[in-house]
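Numbering-wise (the working numbering), the sequence shown opens with residue 11 and increments by one. Cβ coordinates follow ideal geometry from the N, Cα and C atoms, glycine included. The structure displayed is predicted, hence computed values, not measured ones. Data block below; observations after.
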Amino acid sequence: MTEERNDHDVIVVGAGFAGLYQLIRLRQAGYEVRVLEAGGDVGGTWYWNRYPGARCDVESIEYSYSFDRTLEQEWNWTERYASQPEILDYIRHVADRYDLRRDITFGTRVEAMRWDDAAERWTVRTDDGRSRTARFVIAATGCLSVPSRPAFAGMADFAGELYWTSNWPHDGVDLTGKRVAVVGTGSSGLQTITAIAPDVGSLTVFQRTPSYAVPAHNGPIAARLDEVKPGYPEFREESRLSRLGFHCGEDETGYYAETPAAGVRRELDRRWSDGGLCFTLSFRDVLFDADANEALAEYVRERIRAKVNDPGTAEKLTPRTYPIAAKRMCVDTGYFEVFNRDNVSLVDLGEEPIERFTERGIVAGDAERAFDVIILATGFDAMTGALTAMDIRGTGGALTEKWAAGPRTYLGLMTAGFPNLFMITGPQSPSVLSNMMTSIEYHVDWVTTALEHLRASGRHRMEPDIEAEDNWVNTTNDVGELTLMPRAASWYTGANIPGKQRVFMPFVGGVGTYKQIGDGVAVAGYHGFELT
Ligand code: NAP
Numbered sequence: 011m012t013e014e015r016n017d018h019d020v021i022v023v024g025a026g027f028a029g030l031y032q033l034i035r036l037r038q039a040g041y042e043v044r045v046l047e048a049g050g051d052v053g054g055t056w057y058w059n060r061y062p063g064a065r066c067d068v069e070s071i072e073y074s075y076s077f078d079r080t081l082e083q084e085w086n087w088t089e090r091y092a093s094q095p096e097i098l099d100y101i102r103h104v105a106d107r108y109d110l111r112r113d114i115t116f117g118t119r120v121e122a123m124r125w126d127d128a129a130e131r132w133t134v135r136t137d138d139g140r141s142r143t144a145r146f147v148i149a150a151t152g153c154l155s156v157p158s159r160p161a162f163a164g165m166a167d168f169a170g171e172l173y174w175t176s177n178w179p180h181d182g183v184d185l186t187g188k189r190v191a192v193v194g195t196g197s198s199g200l201q202t203i204t205a206i207a208p209d210v211g212s213l214t215v216f217q218r219t220p221s222y223a224v225p226a227h228n229g230p231i232a233a234r235l236d237e238v239k240p241g242y243p244e245f246r247e248e249s250r251l252s253r254l255g256f257h258c259g260e261d262e263t264g265y266y267a268e269t270p271a272a273g274v275r276r277e278l279d280r281r282w283s284d285g286g287l288c289f290t291l292s293f294r295d296v297l298f299d300a301d302a303n304e305a306l307a308e309y310v311r312e313r314i315r316a317k318v319n320d321p322g323t324a325e326k327l328t329p330r331t332y333p334i335a336a337k338r339m340c341v342d343t344g345y346f347e348v349f350n351r352d353n354v355s356l357v358d359l360g361e362e363p364i365e366r367f368t369e370r371g372i373v374a375g376d377a378e379r380a381f382d383v384i385i386l387a388t389g390f391d392a393m394t395g396a397l398t399a400m401d402i403r404g405t406g407g408a409l410t411e412k413w414a415a416g417p418r419t420y421l422g423l424m425t426a427g428f429p430n431l432f433m434i435t436g437p438q439s440p441s442v443l444s445n446m447m448t449s450i451e452y453h454v455d456w457v458t459t460a461l462e463h464l465r466a467s468g469r470h471r472m473e474p475d476i477e478a479e480d481n482w483v484n485t486t487n488d489v490g491e492l493t494l495m496p497r498a499a500s501w502y503t504g505a506n507i508p509g510k511q512r513v514f515m516p517f518v519g520g521v522g523t524y525k526q527i528g529d530g531v532a533v534a535g536y537h538g539f540e541l542t
């Protein structure tokens, strides 16, 4: 075996969808690249989140690479929404097909990186004590990759099995007949609960905030694939120019154009029977107008009441405290109906807060409930967590200090004071408000083209102007403030992490608009960036 070299043109952090595509593009452009990955194989979020029922909430024909027409034609998804095992098969297939693993070091977590201004290189230190240098570093570290792990009192006392959905055992877990608790009712919790309810002995769901969920209407998609594949390039281009990075039929009208109520009802029924996240685009003012938003919210509440037999349980499952879509919507496959089962019960943490874990189970309210297994689906330190978890030091100090009051970036791609450090789907880009695959491919292409431009013009250092960055931060904040989204205590704002500054982090102006801005910046000679 040849000794791996220590100095690279580019270091890419992360071997999920973003890191793999970045490796492919940089190889094609003739760069020498090393990818550093904490996991034991490729896959990123799909490597770690193997909990029962894990599935993508963006349709498989959209949530896949578009860069290679042969790949896109030869791969056949089996379901409208792909399951985690199928997505992992796909990403492994990509790694094999392009022989990617030879440039990836697995089982290695980046702990720190330091910019050397004289050498104009980054030194990257990993948890095996090794240091490598590179001219450029690209953080393909994901938006939801650092789990939030609340420390409940007495957690260590619990004598049963305890699992996090975000780091599920690779060999699976046998839950058959067991007394199981699930804490958390976001997307991960909903999917886990729905999948395990029929198999477990008893299931107790600990809910802090109820979620709005739209039915997936999942099923086989062979016929749809036959329809889309002949025109896949045009289909992808439409996605790139759309609001969310996938097709939603954006000919939507305003809510007031559809009143009286019959028109509103017709549109909501249509969107509901189509299923999926496009429900939130029923009217173009849903995110801006409180009445339009409330009409959607009330429609979902009515659906929940119709699905859940016990009115008291239905009421507890009904979201009332925040606008619909201000927290990430869930896409479900029979979640609410699970609560009609005799073996499932709901604990509303508003009425019965978790006091502590014990050897036997969980004390909430006045009651101790005994469990064999506790599953925690408590979310992530989103968008900034993976970046601030590394000790990154630029020309003026630490990234954690610069971002103490919230992330500051130009286009979500770079941050001033950290030359030659790029972020794929960084904060203040559409990222989590879009089909991640569309946004990943756009950023990777943009960064690769920027590096090629630097090389072709004999330059090797790139960094945003502070003024351009300030303007972009203001733009992102202003656009966010125009919407109802900051009104929810969501992970979009950092509200789920105690002590994290509350700032609305994604760019909500839409994928197509963002692409036009990003393309324009590049065409204008990387306007707002210093290239030296
Ligand atoms: P999440 O949406 O942040 O949900 C975490 C849940 O845990 C929430 O119900 C939260 O309650 C609860 N929680 C957190 N801390 C708690 C505490 N100390 N005590 C009690 N409850 C607590 O996280 P997630 O479900 O992992 O989903 C995160 C995102 O990942 C999703 O929004 C989505 O973007 C993505 N995802 C997508 C899919 C998919 O494609 N289908 C699947 C999984 C995840 P509060 O709401 O009160 O904070």
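Rounded straight-line distance, which links the Cα of residue j to that of residue i
| i | j | result |
| --- | --- | --- |
| residue 26 | residue 152 | 8 Å |
| residue 140 | residue 402 | 16 Å |
| residue 278 | residue 246 | 26 Å |
| residue 130 | residue 17 | 13 Å |
| residue 78 | residue 84 | 10 Å |
| residue 498 | residue 276 | 28 Å |
| residue 282 | residue 274 | 12 Å |
| residue 320 | residue 313 | 14 Å |
| residue 408 | residue 417 | 13 Å |
| residue 108 | residue 156 | 28 Å |
| residue 145 | residue 464 | 12 Å |
| residue 81 | residue 220 | 40 Å |
| residue 224 | residue 37 | 41 Å |
| residue 222 | residue 250 | 27 Å |
| residue 227 | residue 432 | 38 Å |
| residue 104 | residue 470 | 31 Å |
| residue 4 | residue 92 | For residue 4 there is no data in the structure shown, the boundaries of the chain being 11 and 542. |
| residue 296 | residue 306 | 8 Å |
| residue 481 | residue 106 | 42 Å |
| residue 137 | residue 351 | 47 Å |
| residue 459 | residue 411 | 30 Å |
| residue 271 | residue 293 | 13 Å |
Residue i beta carbon near the ligand NAP (any heavy atom closer than 7 Å)
| i | result |
| --- | --- |
| residue 533 | no |
| residue 201 | yes |
| residue 288 | no |
| residue 205 | no |
| residue 364 | yes |
| residue 160 | yes |
| residue 506 | yes |
| residue 503 | no |
| residue 427 | no |
| residue 116 | no |
| residue 395 | no |
Own chain partners of residue i with C-beta closer than 6 Å, once the 5 adjacent residues on each side are dropped
| i | result |
| --- | --- |
| residue 211 | 187, 188 and 189 |
| residue 49 | 57 |
| residue 386 | 174 and 193 |
| residue 61 | 175, 178 and 202 |
| residue 441 | 153, 435, 449 and 516 |
| residue 406 | 427 |
| residue 205 | 62 and 63 |
Identified DSSP bridge partners for residue i
| i | result |
| --- | --- |
| residue 404 | 407 |
| residue 89 | 230 |
| residue 539 | 474 |
| residue 371 | 380 |
| residue 202 | Residue 202 pairs with nothing; no bridge assigned. |
| residue 429 | DSSP output for residue 429 lists no bridge partner at all. |
| residue 38 | The partner list for residue 38 (beta bridge, DSSP) is empty, contrary to what the question assumes. |
Contacts around residue i, its chain only, beta-carbon distance under 8 Å, and the 5 residues preceding and following it disregarded
| i | result |
| --- | --- |
| residue 358 | 217 and 326 |
| residue 229 | 89 and 90 |
Neighbour-count burial assignment, residue i, 16 or more Cβ in a 10 Å radius
| i | result |
| --- | --- |
| residue 202 | buried |
| residue 542 | exposed |
| residue 537 | exposed |
| residue 533 | exposed |
| residue 266 | exposed |
| residue 180 | exposed |
| residue 522 | buried |
| residue 492 | exposed |
| residue 430 | buried |
| residue 28 | buried |
| residue 391 | buried |
Neighbourhood of residue i by C-beta distance below 7 Å, restricted to the same chain and skipping five residues each side
| i | result |
| --- | --- |
| residue 209 | 185 and 186 |
| residue 127 | 405 |
Interface flag, residue i vs chain D, CB-CB below 8 Å
| i | result |
| --- | --- |
| residue 14 | No chain D is present in this structure, which holds just one protein chain. |
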